[in-house]
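So the protein sequences, as listed, match chains A and B. Residues 0 to 186 (numbering that gives the first Met the number 0) are what the first sequence spells out, left to right. Residues 0 to 186 (numbering that gives the first Met the number 0) are what the second sequence spells out, left to right. Heads up, the thing below is written out as structure tokens.
2 protein chains.
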Amino acid sequence: MAPPVSTFVVLGLLARRPGSGYDVAAFAEKTVRHFWPISRSQLYIELSRLEELGWATGTAVQQDRYPDKRDYETTPAGIAALREWLDESPHRQRQRTQDAVMLKTFLGSYMSPDRLADQLRDYREQAEKLRAELLAVVEHLDAKGPTGPHRFGRATARYGVLQSEATIAWTEEAQTLLDVERGHDAS
Amino acid sequence: MAPPVSTFVVLGLLARRPGSGYDVAAFAEKTVRHFWPISRSQLYIELSRLEELGWATGTAVQQDRYPDKRDYETTPAGIAALREWLDESPHRQRQRTQDAVMLKTFLGSYMSPDRLADQLRDYREQAEKLRAELLAVVEHLDAKGPTGPHRFGRATARYGVLQSEATIAWTEEAQTLLDVERGHDAS
DNA sequence: GATTTCATGTAAGACGTTACATGATTCA
DNA sequence: TGAATCATGTAACGTCTTACATGAAATC
């Protein structure tokens, strides 16, 4: 049975940056969060799985001032498995989106226009926040020069920027729609 | 315990268009698929749940030429529950995205540029296909005039169009990146 | 003759989230 | 004094997908 994609998320993060579960979690937040969020608990589960599979090794590290930890790094077998998965043909690679705000918009005729407007405002603010965060990431990575592995992180951050901008543009459109519905209600 | 969002997806679809599970599935494909895909099995599970909750009623219908079926429609209690959920503050409404192609891009330094290019081409083609489908939906709904519940379906379709366009634009950017990496490899 | 449409469900099992559980150290 | 950082994991539970199971009628 093939491991779930989340296993490869953690494997990939570990390949790029070895460290403790805590470290990987922080790295994930900065990098893959906007296209493959992973919960902390799931992360630790995946780390155990990677060790069982022989795709990573963990080493207990004693610390004085901080809690003891376990540092992980990928094995050659792990890197091989990663490469194999990456090269797999994309036919089964699901792209899943679940967006409750869109659902609410779709069912907007059952809502008061004001309530919908509130939710769309929040939605827009979230998108603006994400856009700002990712723009900062892009800028930071640009400072590292035009080549190397971080270029790929830049590309995925750019993806998030473009998606956010599309979302922001959409909220403008949707606002117009609400104005029409309101006008209709009032007439 | 509050039902999962998928329950409200089905409830909402049913409110907009009563019918058999088969009918709802077809409607879902045309409308919510790009922001809240639901599997056929899950759909039938949700329909049962709606009946248990008293949010919808099912009626067995005998047919001659086709298999017997069960038609569903929402109850007043169902509509009330739907409105209540829609008005809920959005603080806990997850927006989940999982995108394997982005993950592969992020880990592009472990792939051959050609393999990545293949996957990005597929990705772009999918986005173009989705965009075309949704543009057709928008056009179809525009023919129905400027007001009414279908306006909301138009809005969500427009969202998909804008997202697809952002994706397509991004693949252009990413292509440039690959060219750089290739050039770098060759140098 | 092959494919699509119509039509519904169960079973198995993986996936993944939330809450629970703990606790020293550092910084504001 | 309160919050954030560091650090890991379990338990319970619901969610959701995939595969299995069936079969007539209509269309190309």
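Yeah, the Cβ is synthetic: ideal placement off N, Cα and C, and Gly gets one too.
| query | result |
| --- | --- |
| Looking at the C-beta of B/S108, does it have a partner C-beta in chain A at a distance below 8 angstroms? | yes |
| B/D152 versus chain A: which residues are under 8 angstroms apart at the beta carbon? | Reading off the sequence, residue 152 of chain B comes out as Gly, not Asp. Near B/G152 (Cβ distances below 8 angstroms), the residues of chain A are F105. |
| A/G107: which of B/E51, B/R150, B/L10 and B/H33 sits nearest, CA to CA? | B/R150 |
| Could you check whether A/V31 and B/L102 sit closer than 8 angstroms to each other, using their CB atoms as the reference points? | yes |
| Considering only their Cβ atoms, is the gap separating B/F7 from A/T96 smaller than 8 angstroms? | no |
| Please report how far the alpha carbon of A/E172 lies from the alpha carbon of B/A154, in whole angstroms. | 8 angstroms |
| At what residues does the alpha helix (DSSP H) containing A/E72 begin and finish? | No alpha helix (DSSP H) contains A/E72, which is instead part of the beta strand (DSSP E) from K68 to T73. |
| Considering only C-alpha positions, which residue in the set B/R82, B/K68, B/E132 and B/A156 is nearest to B/A14? | B/R82 |
| Among the candidates B/L42, B/T166, B/Y71 and B/G159, whose CA atom is the shortest distance from the CA of A/L161? | B/T166 |
| Output, in sequence order along the chain, the residues in the stretch 108-134 of chain A whose CB is closer than 7 angstroms to any CB in chain B. | S108, Y109, M110, R114, Q118 and D121 |
| Based on Cα-Cα distance, which residue from B/Y65, B/Y21 and B/S5 lies nearest to B/L49? | B/S5 |
| Let me know the alpha helix (DSSP H) ranges lying completely inside the stretch 86-125 of chain B, each 4 residues or longer, listed in chain order. | 99-105 |
| Please state whether the Cβ-Cβ distance between A/T175 and A/R123 is less than 8 angstroms. | no |
| Identify whether B/G18 lies in helix, strand or coil by the three-state DSSP scheme. | strand |
| How many angstroms separate the CA atom of A/S19 from the CA atom of A/Y65? | 13 angstroms |
| Determine, for B/V179, whether the minimum Cβ-Cβ distance to residues of chain A falls below 8 angstroms. | yes |
| Just to confirm before moving on: does the CB-CB distance between B/A59 and B/T73 stay below 8 angstroms? | no |
| At the level of alpha carbons, what is the spacing between B/Y109 and A/P145? | 18 angstroms |
| Any idea which residues DSSP pairs B/T56 with across the strands? | B/E72 |
| By the criterion of Cβ-Cβ separation under 9 angstroms, what are the contact partners of A/V31 in chain B? | M101, L102 and F105 |
| Rounded to the nearest angstrom, what separates A/H139 and A/A126 at their Cα positions? | 20 angstroms |
| Output yes if chain A places a C-beta closer than 8 angstroms to the C-beta of B/Y71; else output no. | no |
| Beta-carbon of A/Q162 versus every beta-carbon of chain B: anything under 8 angstroms? | yes |
| List the residues of chain B whose Cβ lies closer than 7 angstroms to the Cβ of A/P148, in chain order. | S108 |
| For B/G11, would you say it is in contact with chain A, using Cβ-to-Cβ distances shorter than 8 angstroms as the test? | yes |
| Using a Cβ-Cβ distance under 8 angstroms, would B/A165 count as near chain A? | yes |
| Which value, in whole angstroms, describes the spacing of the CA atoms of B/P36 and B/F26? | 11 angstroms |
| Where does A/V31 fall in DSSP's three states? | coil |
| Using 8 angstroms as the limit for Cβ to Cβ distance, is A/L81 near chain B? | yes |
| For a cutoff of 8 angstroms on Cβ pairs, would you count A/V60 as touching chain B? | no |
| Starting from the beta carbon of B/T155, find every residue of chain A whose beta carbon is closer than 8 angstroms, and list them in chain order. | M101, T104 and F105 |
| Excluding the five sequence neighbours on either side, which residues of its own chain have a C-beta within less than 8 angstroms of the C-beta of B/L42, listed in chain order? | V9, G20, V23, A24 and A27 |
| Just tell me which of B/E87, B/P112 and B/Q118 has its CA closest to the CA of B/V100. | B/Q118 |
| Return yes when the Cβ of B/L177 is within less than 8 angstroms of the Cβ of B/A131, no when it is not. | no |
| Report the residue from A/P112, A/P75 and A/L133 whose alpha carbon sits nearest the alpha carbon of A/V179. | A/P112 |
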